[in-house]
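What follows is a short report on a single structure.
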Amino acid sequence: MNISRRRLITTGVAAAAGVAGLAAASRIARQHSLIPPDGCSLYGPGETLTYAAQRLLTRHSLAREFPRSMISSVPFANEIAKPTEEFKRHQAAGFSTWRLTVDGMVAHPTAFSLSDLKTLPTHSQITEVVCEEGWSYVAEWIGTPLANVLHEVGVLPQTRYIVYYASEPYLWGSIDMADALHPQTLLAMGMNDGDLPVKFGGPLRIRVPRQLGYKSLKFLTHITATDTLKRFGKGLGSVDPEYGYSWYAGI
Amino acid sequence: MSALGLCYPLRVATASPPPIAVTRRHTALVRVTHWLTVISFFALLVTGAELVISHPRFYWGETGNSGTPTLFKIPIPSSRDTVPTGYNYVLPDQNGWSRYLHFEAAWVLVLTGLVYVTASVMTAHFRKNLLPSPAQWSSSAIRDVFQKYLRRAPPGDAESHSYNVVQRISYLLVIFVLFPFVIWTGLALSPSFDSALPATVNLLGGRQSARTLHFFVSGLLVIFLVAHVTMISLAGFWSRTRAMITGRVKFPSERS
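These protein sequences, in sequence, are chains E and D. Heads up, this note's numbering is the position in the first sequence plus 152, with the first residue counted as 1. Heads up, this note's numbering is the position in the second sequence plus 1135, with the first residue counted as 1.
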């Protein structure tokens, strides 16, 4: 092998620059919250690249909206767990007993009824539900942007993530503030001009249209504002990574 | 070392005649990016197949699901019981790790491709080694290559050192048409990327069209892979593979 001194030096300098560059990139990524909560696994480098690229390039972009004529005549209702007795009691009461509790890093923790939420400014959007399996449908979603509710309870400025739970608390997820304050992130109570049907997550689901369907949790009951995800579940940001699915589903 | 040694050092072995010379065939750039592409493509292929199994139905247009007509179905069982497949059993769900690995491998593939294309432009690799030369660029020359293939004639020594015209055209198609298109159709499946650049998916005719096209282009890449490995096997699998690992070929080429 012939290795010239020049080659040795340039390779050495390149390697040192590479290591220093990676160290600097990792420090900057940490400072700007560009590392997802499940970014420390075997797949962490890929997840971090995806999440960081999306946050740097698409923080404020709006999900595609469609004309009314493109609303799917056959929206596909994915499987849901069998309703519990408690859920059936809420259903019998016409969901007048349903509450959305908002707590954590907020000035005024509040429990909202559906009629409370309906007094907040309404927003409707015709967006596509995109399942990680590959199928999709377009529907109109009516509700109030999550940002309105967060504003109402006085979310504290150091909040970095919004954690949310379904009526069955083992189903939970979280989004960062870029998605939580995004104008299209909706607490949906209506679908296609009617009340949100139970099989589509009624009476209340979150819609995060820039991410895959599994981030749009159904049967929403509880929202917590936090500055860290470490204390929640296994600290991976949502229940999905515990089942092997990524936390950030914007791809 | 000879004066030629700067770019193609000829090292004549001291062994007994006939003298076997060793020449440089592939640059380190080509070799490293080739094998990184092999690894990431294999990961993308396996995980992509797993993702198809979770919904082996394909559609055209913006939307499509188990309640709508399909463009075509793959007659295999699914890893989801919500998909009507005609089979009365459900395969295990492999989507979690498959998705993680698919996107991580896609990053490796895209970054490798960027390094390869940038460096190849800078070193004139495309112009010197992949663009067909004026002499090769004729229908008779292309016909000659195919006739040799059909006769299963072994490639001459020239082809151990340079690509023939059919190889050049297929490599250029893979590098500049198929890979860019598979990346484009893949990006079109990202809801967040589409929010920033809606034309990514709209130009393809909608989300489900993009998914179907992504599947078809992947199929074309698999056809290329099969043809590529077949040709390498015909030309001498180990000598060609060794050349892509060590960068060197021996000539006259030893054949068994």
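The beta carbon of each residue, even a glycine, is placed where N, CA and C say it ideally should be. Predicted, not measured: the structure shown is a model, and the values here were computed from it.
CA-to-CA distance, residue j to residue i, given in whole angstroms
| i | j | result |
| --- | --- | --- |
| valine 1187/D | valine 1181/D | 10 Å |
| aspartate 1292/D | proline 189/E | 55 Å |
| tyrosine 1222/D | threonine 202/E | 36 Å |
| arginine 158/E | alanine 167/E | 14 Å |
| glutamate 292/E | proline 1219/D | 26 Å |
| serine 267/E | isoleucine 294/E | 14 Å |
| proline 1326/D | valine 360/E | 10 Å |
| isoleucine 1204/D | serine 185/E | Looking at the sequence itself, residue 1204/D is proline, so the reference to isoleucine does not match. Using only the alpha carbons, I get a separation of about 43 Å. |
| isoleucine 403/E | arginine 251/E | 32 Å |
| serine 1305/D | isoleucine 314/E | 50 Å |
| tyrosine 1194/D | histidine 1349/D | 12 Å |
| glutamate 238/E | leucine 348/E | 19 Å |
| methionine 1379/D | proline 1289/D | 19 Å |
| histidine 1363/D | arginine 211/E | 42 Å |
| alanine 318/E | histidine 374/E | 7 Å |
| proline 1144/D | arginine 1159/D | Low local confidence applies: a pLDDT of 40 at proline 1144/D is under 50, so the model's placement there is unreliable, and no value is given. |
| arginine 1390/D | histidine 1169/D | With a pLDDT of 49 at arginine 1390/D, under the threshold of 50, the predicted position of this residue should be treated as unreliable, and no value is reported. |
| asparagine 1200/D | leucine 1356/D | 26 Å |
| proline 1212/D | arginine 1192/D | 11 Å |
Same chain, Cβ closer than 7 Å to residue i, neighbours up to 5 away in sequence not counted
| i | result |
| --- | --- |
| serine 1268/D | none |
| leucine 1179/D | His1237, Ala1240, Ala1241 and Leu1244 |
| isoleucine 232/E | Lys351 and Lys370 |
| valine 1352/D | Leu1313, Phe1316, Val1317 and Thr1320 |
| arginine 1248/D | Reading off the sequence shown, one finds glycine at residue 1248/D, where the question assumed arginine. If we look at glycine 1248/D and ignore the five residues flanking it on each side, its Cβ neighbours are Phe1314. |
| isoleucine 161/E | none |
Secondary structure of residue i, DSSP reduced to three states
| i | result |
| --- | --- |
| valine 307/E | strand |
| leucine 338/E | strand |
| glutamate 405/E | Since the first and last residues shown for chain E are 153 and 403, residue 405/E lies out of range. |
| serine 326/E | strand |
| glycine 265/E | Reading off the sequence shown, one finds serine at residue 265/E, where the question assumed glycine. Correct three-state label for serine 265/E: strand. |
| tryptophan 358/E | Per the sequence shown, residue 358/E should be read as isoleucine rather than tryptophan. In this structure, isoleucine 358/E counts as strand in the three-state DSSP scheme. |
| glycine 1140/D | With a pLDDT of 36 at glycine 1140/D, under the threshold of 50, the predicted position of this residue should be treated as unreliable, and no value is reported. |
| serine 1273/D | coil |
| glutamine 363/E | coil |
| tyrosine 313/E | strand |
| leucine 252/E | strand |
| histidine 1161/D | coil |
| lysine 240/E | helix |
| glutamate 1185/D | helix |
| threonine 1205/D | coil |
| glutamate 217/E | coil |
Any non-hydrogen atom of the ligand GDP closer than 8 Å to residue i Cβ
| i | result |
| --- | --- |
| threonine 163/E | For the structure depicted, the ligand GDP is absent and the ligand set is empty, with no information on it obtainable. |
Neighbouring residues, chain A, relative to residue i (Cβ below 9 Å)
| i | result |
| --- | --- |
| tyrosine 322/E | Absent from the structure is chain A; the protein chains it does hold are E and D. |
Residue from the options with nearest C-alpha to residue i
| i | options | result |
| --- | --- | --- |
| serine 248/E | Thr236/E, Lys234/E and Ala263/E | Ala263/E |
| glutamine 310/E | Gly173/E, Asp328/E and Ser265/E | Asp328/E |
| asparagine 1230/D | Pro1210/D, Ser1344/D and His1190/D | His1190/D |
| serine 213/E | Ala330/E, Asp379/E and Tyr400/E | Ala330/E |
| arginine 362/E | Arg207/E, Ala177/E, Arg179/E and Ala175/E | Arg207/E |
| glycine 256/E | Leu381/E, Glu199/E and Ile187/E | Leu381/E |
| alanine 1184/D | Gly1382/D, Arg1234/D and Gly1202/D | Arg1234/D |
| phenylalanine 1207/D | Ser1255/D, Arg1346/D and Val1173/D | Arg1346/D |
| tryptophan 1272/D | Tyr1251/D, Asn1299/D and Leu1285/D | Asn1299/D |
Residues near residue i in its chain [Cβ-Cβ closer than 8 Å; skip 5 each side]
| i | result |
| --- | --- |
| tyrosine 289/E | Ser224, Val226, Pro227, Phe228, Glu280 and Val281 |
| arginine 1084/D | Outside the shown range of chain D, which is 1136 to 1391, sits residue 1084/D, and nothing can be said about it. |
| glutamate 394/E | Gly385, Lys386 and Leu388 |
| glycine 173/E | none |
| isoleucine 1367/D | Arg1375 and Thr1376 |
Beta-carbon contacts of residue i that lie in its chain and below 6 Å, excluding the five residues immediately before and after
| i | result |
| --- | --- |
| valine 307/E | Val258 and Ala377 |
| arginine 1342/D | Glu1197 and Val1336 |
| isoleucine 1358/D | none |
| leucine 364/E | Val282, Glu284 and Ala401 |
| lysine 1385/D | Ile1155 and Val1157 |
I'd like the ranges of any alpha helix (DSSP H) spanning at least 4 consecutive residues and lying wholly in the region 1223-1257 of chain D.
1230-1257
Runs of alpha helix (DSSP H) wholly within the region 160-214 of chain E (minimum 4 residues, chain order)
196-209
Complete runs of the alpha helix (DSSP H) confined to the region 1330-1361 of chain D [at least 4 residues]
1334-1337
Restricting to runs no shorter than 4 residues, where is the alpha helix (DSSP H) found entirely within the region 1292-1332 of chain D?
1293-1296, 1300-1308, 1314-1322 and 1326-1331
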